[in-house]
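Protein chains in written order, with my numbering: chain H, 608 to 791; chain V, 608 to 791. A short write-up of the structure that comes next.
There are 2 protein chains.
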Amino acid sequence: MTMRKHSAEPRNASLKILEAARAIAAREGAGKITIEAVAKEAGLSKGGVLYNFPTKKALLSGLLDQMLAAHRESLAKVPERQPARTLRGHLETVLQSQDLDDDLSMAILAAAASDPRLLDPLRTELTCDLERILSDAKGSPDAMIAVLAIQGLRFQMLLNLPDGGADIREGVIERLRTIIDELE
Amino acid sequence: MTMRKHSAEPRNASLKILEAARAIAAREGAGKITIEAVAKEAGLSKGGVLYNFPTKKALLSGLLDQMLAAHRESLAKVPERQPARTLRGHLETVLQSQDLDDDLSMAILAAAASDPRLLDPLRTELTCDLERILSDAKGSPDAMIAVLAIQGLRFQMLLNLPDGGADIREGVIERLRTIIDELE
DNA sequence: GGAACTTAACCGACCGGACGGTACAGAGAT
DNA sequence: ATCTCTGTACCGTCCGGTCGGTTAAGTTCC
Numbered sequence: 608m609t610m611r612k613h614s615a616e617p618r619n620a621s622l623k624i625l626e627a628a629r630a631i632a633a634r635e636g637a638g639k640i641t642i643e644a645v646a647k648e649a650g651l652s653k654g655g656v657l658y659n660f661p662t663k664k665a666l667l668s669g670l671l672d673q674m675l676a677a678h679r680e681s682l683a684k685v686p687e688r689q690p691a692r693t694l695r696g697h698l699e700t701v702l703q704s705q706d707l708d709d710d711l712s713m714a715i716l717a718a719a720a721s722d723p724r725l726l727d728p729l730r731t732e733l734t735c736d737l738e739r740i741l742s743d744a745k746g747s748p749d750a751m752i753a754v755l756a757i758q759g760l761r762f763q764m765l766l767n768l769p770d771g772g773a774d775i776r777e778g779v780i781e782r783l784r785t786i787i788d789e790l791e
Numbered sequence: 608m609t610m611r612k613h614s615a616e617p618r619n620a621s622l623k624i625l626e627a628a629r630a631i632a633a634r635e636g637a638g639k640i641t642i643e644a645v646a647k648e649a650g651l652s653k654g655g656v657l658y659n660f661p662t663k664k665a666l667l668s669g670l671l672d673q674m675l676a677a678h679r680e681s682l683a684k685v686p687e688r689q690p691a692r693t694l695r696g697h698l699e700t701v702l703q704s705q706d707l708d709d710d711l712s713m714a715i716l717a718a719a720a721s722d723p724r725l726l727d728p729l730r731t732e733l734t735c736d737l738e739r740i741l742s743d744a745k746g747s748p749d750a751m752i753a754v755l756a757i758q759g760l761r762f763q764m765l766l767n768l769p770d771g772g773a774d775i776r777e778g779v780i781e782r783l784r785t786i787i788d789e790l791e
């Protein structure tokens, strides 16, 4: 029998832990992610966290994996036939994380601060995406401008940098969409 | 006489300390900025560092101040009569930091990780800049796109994210310049 | 069925090291 | 002598990681 073990919650503990880590990062900053804090937030003990993630690096790496998975999923949602498909997906991913209060992007900061090499999987993923985007756009610099603007948007939200107000932001998003539309 | 005390180097020790902090951040990541490490890198002892910066917060804050000062200086270099002057300055600041191996931007990460509130001065500065940029551009969304792209560029370099190669980057820079030129 | 054992999941005390900060003594210059 | 700066020893705390339990569920054998 593959019964769900004896856990009160059927949900995997690892997910709860990652969620807790994101919540802490969003609430108190990436630097406040400690194993004890995560344990408390997730409602179990330090030992429990370390049972699921043998090291803190593994935890942060798990956060990043989760982020990449969400990103990929978001990419997959873009209709097949769209031109500049990957680029559209990038934009949607960022817009989607806009109103998420447990922002996944915070994992980037946490990882970068503790060990920059944790970003390697992110880098390879982005390299792959970028290649596709650039080949889709046939070398138009506007594609790269769009990529950069989207990245800028992400960090702006992440660090609470000024965004010029809601109307400006909407104007930017609209403009980005037309840039992407005109790429083909 | 404002002789520089008895130090072997006439340069202010604070500068050396900040430089050391930047070097460490660039080499090993923002999280590795510790007082001892900075002291060793700067060639003095922990006490020496703490004499110049009474707390670590003060050190990080100093890093950020230095970054903002450099940014302001870079802005001031843009000829008075240029349209979209502030925006041009932003671009130049980023391009300038491109080949600096002790990247100032790393301070942003260090600060954000340890205490997000350290970014407040940066936020107010950017808010001010952004206001000027947007009023210069008279509401054109392209101005904000450019701002975001520049920000994206900064973080791309900071985190060693893929950039599509040198020619792409140059194409982007050129494109950014024409976007800015067309703003007026 | 039930005793004996294994395994999964988790707890929490503890350790060692790192790190921020303090105290204080001493060295130079004036 | 005094003021300014620097070195060093030290303290308390925090944090990552280890480890020996403990509990409950599953498995095996009779």
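All residues carry an ideal CB built from backbone N, CA and C; glycine is no exception.
Check	Outcome
Take V/THR700 and list the residues in its own chain whose beta-carbon comes closer than 6 Å to its own, dropping the five residues that flank it on each side.	HIS678 and SER681
Is there at least one Cβ from chain H nearer than 8 Å to V/ASP788's Cβ?	no
Grab the span of the alpha helix (DSSP H) containing V/GLY771 for me, first residue to last.	Per DSSP, V/GLY771 belongs to no alpha helix (DSSP H) and is neither H nor E.
Please tell me whether H/LYS664 and H/ASP727 are closer than 8 Å, where the distance is taken between their beta carbons.	no
Compare the Cα-Cα distances from H/ASP672 to each of H/ALA744, H/ALA649, H/SER621 and H/ILE752 and report the closest residue.	H/SER621
I need the DSSP call for H/GLU648, collapsed to helix, strand or coil.	helix
Counting only the same chain and skipping the five closest in sequence on each side, list residues whose C-beta sits under 8 Å from that of V/PHE660.	SER621, ILE624, LEU666 and GLY669
Do the CB positions of V/LEU790 and V/ALA744 come within less than 8 Å of each other?	yes
Between H/ALA637 and chain V, is any beta-carbon pair separated by less than 8 Å?	yes
Spatial neighbours of V/ARG730 within its chain, please: C-beta separation below 8 Å, excluding the five flanking residues on both sides.	none
Is the beta carbon of V/PRO728 within less than 7 Å of some heavy atom of the ligand NAP?	Within the structure as shown, the ligand NAP is missing, as the structure has no ligands at all.
Does H/GLN705 have its Cβ less than 8 Å from a Cβ in chain V?	no
Quick one: what's got a C-beta closer than 8 Å to H/ILE752's C-beta in the same chain, skipping five residues either side?	ILE786
Just how far apart, CA to CA, sit H/LYS639 and V/ILE740?	35 Å
So, is the C-beta of V/MET764 closer than 8 Å to a C-beta in chain H?	no
Would you mind telling me which residues of chain H sit closer than 9 Å to V/ARG629, beta carbon to beta carbon, in chain order?	Simply none; closest approach about 15 Å.
How is V/SER704 classed by DSSP in three states: helix, strand or coil?	coil
Using Cβ-Cβ distances below 7 Å, what residues of the segment 719-731 of chain H are close to chain V?	ALA719, ALA720, SER721, ASP722, PRO723, LEU726 and ARG730
Please determine, among H/ASN767, H/GLY759, H/ALA649 and H/LEU725, the residue with the shortest C-alpha to C-alpha distance to H/VAL779.	H/GLY759
Thinking C-beta only, is H/ALA633 closer than 8 Å to H/VAL645?	no
What three-state label does DSSP hand V/ILE640 in the structure shown?	coil
I want to verify the contact list: residues of chain H whose CB lies under 7 Å from the CB of V/ILE642, in sequence order.	The contacting residues do not exist; V/ILE642 stays about 16 Å from chain H at best.
Compare the C-beta of H/THR734 against all C-beta atoms of chain V and say whether one is closer than 8 Å.	yes
Based on Cα-Cα distance, which residue from H/GLY772, H/CYS735, H/ASP736 and H/ARG761 lies nearest to V/PRO748?	H/GLY772
Short check: CB of V/ALA637 to CB of H/ALA719, under 8 Å?	yes
At 7 Å on the CB atoms, spell out the chain V contacts of H/MET674, in chain order.	Chain V residues near H/MET674: none, gap ~14 Å exceeds 7 Å.
Under 8 Å between beta-carbons, which chain V residues line up against H/GLY696? List them in chain order, please.	By Cβ distance, chain V contributes nothing, its closest Cβ being about 16 Å from H/GLY696, past 8 Å.
In the DSSP assignment, find the alpha helix (DSSP H) that holds H/ARG739 and state where it starts and stops.	727-744
Is there a Cβ of chain V sitting closer than 8 Å to that of H/ALA756, yes or no?	yes
V/ASP770 to H/LEU737, Cα distance in whole Å?	8 Å
With 8 Å set as the bound, which would you pick, yes or no: does the beta-carbon of H/VAL779 sit closer than that to a beta-carbon of chain V?	yes
Which residue marks the beginning of the alpha helix (DSSP H) containing V/GLN673, and which one marks its end?	663-684
Use the C-beta contact count for V/ALA676: other C-beta atoms within 10 angstroms, 16 or more gives buried, fewer gives exposed.	exposed
In chain order, what residues of the same chain have a beta carbon less than 8 Å from the beta carbon of H/LEU657, not counting five sequence neighbours either side?	ILE642
Nearest to H/ILE631 by alpha carbon, out of H/ALA717, H/LEU768 and H/VAL754?	H/ALA717
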